[in-house]
Structure formats: C-alpha cells, structure tokens
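This note's numbering numbers the first residue of the sequence shown as 1 and each following residue consecutively. Glycine included, C-beta positions come from ideal geometry on N, C-alpha and C.
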Amino acid sequence: MLYVVLLLAHGYVFGHQDLIEITGYLNYLDDPTLYGKDFYIQNITARIPNERWMFVQVLDFFNIRSPWSFLVAHFVVAVTMLSGLILIAQHLIKDHLFAFLAVFATTVVFYKINLGGNEIYYNTLTSSLVSKAIATWSIFFLLRNKVTTAILMLIPTSFIHPLVGIQLFLIFSAIISVQQIKAGKFLAELRKLWSIPAYLLTAGIWLFFLQQQFSEGSLSDATFFEIISFRLAHHFIPATFGLKNYLILSPLIIFAWIYFWKKSQTLFWFFNFSILGLLVYTIGVEIFNNALFLSTQWFKTTIWLKFFSMMAVSALAYDLFQKYIPRLIKPFTIIFLVALTGFTLLLFRKLPDRHITSFDMPWKGQYNDEIAMARLAQRVTPEDALFVTPAYFTHLKYYGMRSTYVDYKAMVHHKTVLPEWYKRVNEIYMFNNTTNMNSSQRVSSPLTTMITSPDWISFSALGITHLITDEPIDLDATLLGQKGKYYLYELK
1 MLYVVLLLAH GYVFGHQDLI EITGYLNYLD DPTLYGKDFY IQNITARIPN
51 ERWMFVQVLD FFNIRSPWSF LVAHFVVAVT MLSGLILIAQ HLIKDHLFAF
101 LAVFATTVVF YKINLGGNEI YYNTLTSSLV SKAIATWSIF FLLRNKVTTA
151 ILMLIPTSFI HPLVGIQLFL IFSAIISVQQ IKAGKFLAEL RKLWSIPAYL
201 LTAGIWLFFL QQQFSEGSLS DATFFEIISF RLAHHFIPAT FGLKNYLILS
251 PLIIFAWIYF WKKSQTLFWF FNFSILGLLV YTIGVEIFNN ALFLSTQWFK
301 TTIWLKFFSM MAVSALAYDL FQKYIPRLIK PFTIIFLVAL TGFTLLLFRK
351 LPDRHITSFD MPWKGQYNDE IAMARLAQRV TPEDALFVTP AYFTHLKYYG
401 MRSTYVDYKA MVHHKTVLPE WYKRVNEIYM FNNTTNMNSS QRVSSPLTTM
451 ITSPDWISFS ALGITHLITD EPIDLDATLL GQKGKYYLYE LK
C-alpha cells in the first residue's frame, strides 16, 4: 500500500525530467542513426565508460526501455527498497506500526525536506533509486553483523551509482575498523574481512577508470567549481540548501545521534563518520572552494541520517506509549490506518490537479501538450533536425527522438565537455553564474523571454534548424504546428 501512496503523493515520471539522460541513451543503443547532432548523446557515448553507461547497460540487458517495462521495474525496485527500510526500522523498533511510521515519515511527511536535494525514494527509475535499493539491504546486513554480505552488496551499488556506493563503503569500513579495534580483535579478524579487498578490486577499479575519464582535459578547478555552482548548487553547495531544511533536520539528526549512542553503536558510528564528513566537506567547499571536496557530494549521506532520525523518533514514541499508555497503542493503530486510507483517497481525488505533467502512466498516451509536441516534432521534421527548446522542455529526447543543440538538464560530467556545455547554455539561454536566478528559476523561464530577435537569426549559423517555443515569435520562420502553448518552427 505504501507504494500506491507514494505514487499518488509524488507522481511518476517517465521519458523526461532527469530521465532525459537515460531514455534518449537507450533509444540511441536501439538505433545509432538517431541523435547525430545531439550534444549530450554524442559526447556521453564517445566516452566509455561514462557515469551513465553501467545503468544504461543494465536496462538494455533486461530490455527495460518501454513505458510498461519502466513502470514494472520502478515497482520492483521501490518495493525492494521499502521492504528493506521497514526491516531496518524493525531491527530497532519492535512494533510493526511504529517501524512503518519511520518509513512513512521519511518518504511522505518529510519528503523534500532535505540537505542537498537528495531523497531515498524517487518517483522515477533512476540509477540513484536502484543503487539505494541495494544499499538499503547492505545497511540491513551491516546491522545484523553480516559484514561480508554488507560490503559485497556495495559492489553493484557502486557500479550503478558510484557516489552512493563509495560513500557507504568508506563509512562501513570505518565502522568495522572502529568496532574491531574497540573489541581488541582487529588483527585477529583482519583475514575475515576479505570483502573489503574484493570491493577494491572490482568496484574500486571501476571507480578509478571513471575518475580517470572525468579528470581528462585542462579544466581548472576554479572553472569546474563555477560550472557546478551554476548548474548543481542545490546538490553541492551547503549554503544553498535552505535555512528551513537545516532548522528542521539538524535537531532531528542531533537527537538521533545522541539516541543511538545508547541504542546502537553501529548507527552511532555511522552518524559520527557521516557528520565528520559533512563538516570537512563544508569547510573544503565553502571556505577553500576545493573541487576535490566538491566532487564527493558528501551531503548525499544525509538521506540515511534523515531515515535513521525518523527511526529514532518513532522508537522513542513507541517506548513512551509502551511505558505510559500501552492501552492506547491498539486504538492509535486503528486511527492511523483509517487516516492513511482517507489520506490515500484524498490524494487520488486530487491527482489530476497535482500531477498535470508528472503522472506518466503507460496507458495515458499523449496526455499533455509536452508529449504531443514532441511527437509532432518527430512526425514533421527530418531525423537530422537540430532543435532548441525551452530549458524546462525535456520531452523531445525520448518522445521526439530529435537532437538538441544543448540541454540544460542533461550534462556530461567530464572536464573536457563541461566548458562547451556551459558556453552553449549561455549562448542559447543567456544563463551563467552572473544571471540572478537559481536553478529552478532558470529551468522555468520561457524561451522567448531569454532570447531577442537577433539571437533567433544567429541560430542558423550554429546549425540549428528548428525551434520549440512556449510563445509565438515574430520571426521569419515557418510555423509547422502548435500543441497547447507550444509552437514548432522551422528556421529559414
């Protein structure tokens, strides 16, 4: 039932938004004649291995590319993760309802209250969701003292999403070392920790190759820091994470840190090393503007701290109920189940208004203007057409199968490519670090407000042949069609 609640609460996304980097890639594997002029596809596929390659290969191997197969895979992955989260909570909380409440609070109540724009659950099938589903079970086995299994499960985690895997590997290794040293068994138990070198010889080598690919080129640390700050500040720069998020999560994390000191040494040390990393990362990024610290994105570990904090609060609540008002536990359970049912029905009723363009169920077809416009572009333009679209319009890659001069949402994380991407984004959208906008404001900006008439004319010199705009334009161009607020033009 929780999966249904999550779908109704957060929607489901396929074929656009963050999947612009994945679904177009899959189309290209099916038909390499597509996207011949596409900046993202041509640059990401020119570098193997790349940060998307392993996940795309997994999807390709299991033939996960159609809307139905993506939805089924999302269901399997999400349920696998949610089951693991509930079992982790039950490891500490003996009552099933209060264990469920910890997961519910993490994925529903406190959803979008985060540090760095990261969540455990996502409403789309991404490498992050898949890797965290595996990582959840890795944490479960660590708490059960199944150290070898826990470490080995981080190998596929790291292959699919390097940062999720390597962060947990470093924390796990530190926890294991501290626990063995405190027990006076470090040397005696060292030979049993063969899973650590196994990780280093598999995932470690993979991460080394990715780092080598990423580091190619002569991009300076200052320029790299500028580009990441421009596009991904909400993920990387602590000062941009929002005061409200700090005010809500910091007390919860501190409370849980203290709570686990007595209740779980494994989680206590998890907090120790994660928080230490957060402090070092913040100093390295905010004070020294260091690109090495920036690339670790250590605030991603706060997704686990938030969940563990919900566990601590729920465990304390259960203890208080059990100690002072045990007879109210059963009535509370009934009230919660009734409230959850009512909440679910309310979400279902409000669904059309809340998820106008983010409930991409396979049976809905062309249910919004964005999909309809992308399909129109596929029908009336040649395969080698080169497009410019509004920054927020991410449907063309999958639904239209056409090339774009640049995509604000699709980045190739290689130092040789980032400067050209940055130049093109400024060239088309007039976005750069001097623009007084945050990332959300940039994405939502209408294309016609960012570009003046002389800019339209210069597009032809860049090889751009077609435009999708969100307003009509006064330009010597041929209107090929309209879908809702979107207009499709061919440049002359």
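Would you mind stating whether residue i and residue j have Cβ atoms separated by less than 7 Å?
i	j	result
I464	L386	yes
Y12	F343	no
S131	V164	yes
L294	V285	yes
Y35	S403	yes
L101	S314	yes
G277	T416	no
I428	V412	no
Y422	I227	yes
T301	Q179	no
F268	F255	no
T333	L97	yes
G184	T136	no
P156	I134	yes
N289	F230	no
I113	N245	yes
S305	I253	A small fix is needed here, since residue 305 is Leu in this sequence, not Ser. Taking 7 Å as the Cβ cut-off, L305 and I253 qualify as a contacting pair.
F141	T149	yes
Alpha carbon to alpha carbon, what distance is there between residue j and residue i?
i	j	result
N368	L115	32 Å
L87	K485	47 Å
V72	D474	45 Å
N123	L351	14 Å
A198	P390	46 Å
L316	F14	39 Å
P472	E383	24 Å
R327	F169	43 Å
L193	I176	9 Å
L287	T341	Before going on, a small fix: residue 287 reads as Ile here, not Leu. Distance between the alpha carbons of I287 and T341: 49 Å.
F209	V58	19 Å
F214	I303	25 Å
G242	F236	12 Å
K509	F271	Missing from the structure shown is residue 509; the chain here goes from 1 to 492 and no further.
T223	L201	33 Å
A339	K182	46 Å
T478	A105	52 Å
L152	Q265	22 Å
L376	S460	21 Å
K146	L247	36 Å
L232	Q297	11 Å
Q42	D353	38 Å
What does a CB cutoff of less than 6 Å around residue i pick up in its chain, not counting 5 residues either side in sequence?
i	result
H16	T394, H395
D221	A291
K409	I20, T394
F321	I329
Y487	T469, P472
A372	Q366, K483
L467	V388, Y489
P67	F14, P362
Taking the alpha carbon of residue i as the point to measure from, which residue in the options has its own alpha carbon closest?
i	options	result
S173	K182, I196, V280, Y487	I196
L7	F459, V380, P382, T107	T107
Q378	H414, S250, Y399	Y399
N50	Q212, V380, L467, A477	Q212
T381	L491, L305, I303, H355	L491
M311	L142, A477, V103, F61	V103
T126	K182, S229, R52, A183	R52
Q497	A133, L143, R354	Absent from the model: residue 497. The displayed extent of the chain is 1 to 492, so no value can be given.
H414	L152, I48, P32, V5	I48
V388	D353, R424, P251, E420	R424
I356	F140, E370, P362, W363	E370
W363	F61, D38, A461, F70	F70
L249	W68, F299, N43, L92	F299
D31	D18, D60, V5	D60
Within the same chain, show all residues whose beta-carbon is closer than 7 Å to that of residue i, passing over the 5 residues directly before and after it, in chain order.
i	result
F159	M54, A203, W206
Y3	F75, A78, V79, L82
A374	H395, L396, Y399, G400
D38	S403, T404
I'd like the list of long-range same chain contacts for residue i, defined as Cβ closer than 8 Å, with 5 residues on each side in sequence excluded.
i	result
A9	V108, Y111, L347
V56	I22, Y25, L26, L29
T45	Y25, Y28
T282	P238
D476	K492
**Request:** Enumerate, from N- to C-terminal direction, the unbroken alpha helix (DSSP H) stretches of 4 or more residues contained entirely within the region 170–205.
**Result:** 186–189
**Prompt:** What are the uninterrupted segments assigned as alpha helix (DSSP H) that are 4 or more residues long and contained completely in the region 337–417, given in chain order?
**Reply:** 369–380
**Message:** Report the start-end ranges of each alpha helix (DSSP H) in the region 243–318 that is 4 residues or longer and not cut off at the edges.
**Reply:** 243–263, 265–282, 291–296
**Message:** At 3 residues or longer, what runs of the beta strand (DSSP E) sit wholly inside the region 85–135?
**Reply:** none
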